[in-house]
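Just so we're aligned: the sequence shown equals residues 1 to 335 in UniProt numbering.
The structure appears right after this line, and notes come after that.
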Amino acid sequence: MVVDLPSGMGRPATARERLSSSVTSEAADSESDATSDDSDAFLPTKHRRPRREEVASSSSEETVIHNSIRYSPLCGMDITPSVQQLLSTMSAMVTTQYAEQHGTGCEWTAGETKLLLDYYQQYFSQIGPMKKFKNKKAMFAKIAANITEAVGVPETGNQCCSRYKTVMRRKRSAAAHNNKSGNSPCDVPFEDDIAKIRWLDDSLEPEELRDSSGIVSIKRPPSQASTSQSSTSQASRNQELTSQGSTSQELTSTTKEPEPKKPKLSASRMLEMNHFFGEMSKIQEEKEKKRTELEIERRKRHEERQEQERIRQEKAKQHEEKMRLLSRFLRLDNE
Numbered sequence: 001m002v003v004d005l006p007s008g009m010g011r012p013a014t015a016r017e018r019l020s021s022s023v024t025s026e027a028a029d030s031e032s033d034a035t036s037d038d039s040d041a042f043l044p045t046k047h048r049r050p051r052r053e054e055v056a057s058s059s060s061e062e063t064v065i066h067n068s069i070r071y072s073p074l075c076g077m078d079i080t081p082s083v084q085q086l087l088s089t090m091s092a093m094v095t096t097q098y099a100e101q102h103g104t105g106c107e108w109t110a111g112e113t114k115l116l117l118d119y120y121q122q123y124f125s126q127i128g129p130m131k132k133f134k135n136k137k138a139m140f141a142k143i144a145a146n147i148t149e150a151v152g153v154p155e156t157g158n159q160c161c162s163r164y165k166t167v168m169r170r171k172r173s174a175a176a177h178n179n180k181s182g183n184s185p186c187d188v189p190f191e192d193d194i195a196k197i198r199w200l201d202d203s204l205e206p207e208e209l210r211d212s213s214g215i216v217s218i219k220r221p222p223s224q225a226s227t228s229q230s231s232t233s234q235a236s237r238n239q240e241l242t243s244q245g246s247t248s249q250e251l252t253s254t255t256k257e258p259e260p261k262k263p264k265l266s267a268s269r270m271l272e273m274n275h276f277f278g279e280m281s282k283i284q285e286e287k288e289k290k291r292t293e294l295e296i297e298r299r300k301r302h303e304e305r306q307e308q309e310r311i312r313q314e315k316a317k318q319h320e321e322k323m324r325l326l327s328r329f330l331r332l333d334n335e
């Protein structure tokens, strides 16, 4: 920072540096005080802090405020643009820190909450790997920045997340109240916006899960209304059975409990079984084909052996005939 001292050109360099550092620290302290007081303008009236009473300065040093920066005119110096930018940055940091520390007590209006739900509905499908937001924390940070830019009230990601959870909790409590018989119905806050978000959420737990082994039903504990209804129906059924007497015994003997149904095979299981049976049929056909080929070859070999045996027998007969004729010829010669 450059300091112009018209009346102190003859002073040594160390004295000028000490004077400039003291003036800079005094200006920074004054600016932080001013910005901390101005940060309350972003908060509602009931959450603003009481302004500190300014202490009257001595008559020897007169303080002048110019562009929210306090400096002493006795020094005869001006604030450079770099220092002005530094002070504005510090002001923004102080405002943000105050909003994070003291902004949790701010009340959300209906418009801000509706804007939060609209942004949630818009950004919910963009959460996940290879998408815009890695997780919900990053999404709520973006929503907080959008709300701050649109409304002008500084909000944080944690505040938006807490507000969303509060709205969902109130919705669940109101729905549970309306589901109970005898209660007067109450309004569900932001019901339409929550319904839109609920249809976007694909992480709802299904009633049944299908896998390769069949259908696995999820057992849920029955509600109080269902248990009360079941108990009343059971009591009425018992009364009817006792009033009927012998006829009820005959009916109970004749009517048996239905056998539990076997779980149906899923489509994927059926495809796997069809593929398995198809492969097995192909293997069986190949085995049958090889068996027939071997049978044909065996028959051919048997026929060839039979033919050779027939030829051998014919040759043997011919040989015997020759020998018989030869013996007769020799016998005649001897006579």
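Cβ atoms here follow ideal geometry from the backbone N, Cα and C, with glycine treated the same way.
Can you give the Cα-Cα distance for residue i and residue j, rounded to whole angstroms?
| i | j | result |
| --- | --- | --- |
| Lys-171 | Trp-199 | 15 Å |
| His-177 | Met-168 | 14 Å |
| Glu-285 | Thr-292 | 11 Å |
| Thr-182 | Gly-157 | For the record, residue 182 in the displayed sequence is Gly; it is not Thr. Cα to Cα, Gly-182 sits roughly 40 Å from Gly-157. |
| His-275 | Ala-110 | 58 Å |
| Ser-330 | Ile-311 | Looking at the sequence itself, residue 330 is Leu, so the reference to Ser does not match. Looking at the two C-alpha atoms, the distance is approximately 28 Å. |
| His-66 | Gln-84 | Confidence in His-66 is poor, its pLDDT being 38 and thus under 50, which makes the residue's placement unreliable; the coordinate value appears in the next sentence. In a straight line, the C-alpha of His-66 is about 12 Å away from that of Gln-84. |
| Met-273 | Phe-140 | 48 Å |
| Pro-129 | Ile-147 | 25 Å |
| Gln-308 | Arg-324 | 24 Å |
| Leu-326 | Glu-320 | 10 Å |
| Ile-296 | Leu-271 | 37 Å |
| Ala-150 | Ser-268 | 50 Å |
| Arg-298 | Leu-332 | 51 Å |
| Lys-289 | Pro-260 | 44 Å |
What does a CB cutoff of less than 8 Å around residue i pick up in its chain, not counting 5 residues either side in sequence?
| i | result |
| --- | --- |
| Asp-118 | Asp-193 |
| Ile-197 | Leu-117, Tyr-120, Gln-121 and Phe-124 |
| Ala-174 | Cys-186, Asp-187, Val-188 and Pro-189 |
| Ala-195 | none |
What residue range does the alpha helix (DSSP H) around residue i cover?
| i | result |
| --- | --- |
| Gly-157 | 157-179 |
| Met-139 | 136-151 |
| Asp-187 | That residue, Asp-187, is in no alpha helix (DSSP H); it is neither H nor E in DSSP. |
| Gly-111 | 110-123 |
| Lys-196 | 191-200 |
Enumerate in chain order the residues of its own chain whose CB-to-CB distance from residue i is below 6 Å, with the five nearest sequence positions on each side excluded.
| i | result |
| --- | --- |
| Lys-165 | none |
| Ala-144 | Glu-155, Thr-156, Gly-157 and Cys-160 |
| Lys-132 | Gln-126 |
| Lys-287 | none |
Just to confirm my understanding: we take residue i, look at its own chain, exclude 5 residues before and 5 after, and list those with CB closer than 7 Å. What are they?
| i | result |
| --- | --- |
| Arg-163 | Trp-108, Thr-113 and Leu-116 |
| Ile-283 | none |
For residue i, is the beta carbon positioned less than 8 Å from some heavy atom of the ligand SAM?
| i | result |
| --- | --- |
| Lys-171 | Annotation note on the ligand SAM: not contained in the displayed structure, which lists no ligands. |
How about the region 110-125 and the region 135-145: do they share at least three Cβ pairs that are nearer than 8 Å? Inter-segment contact for the region 110-125 and the region 135-145 is present: three or more beta-carbon pairs are separated by less than 8 Å.
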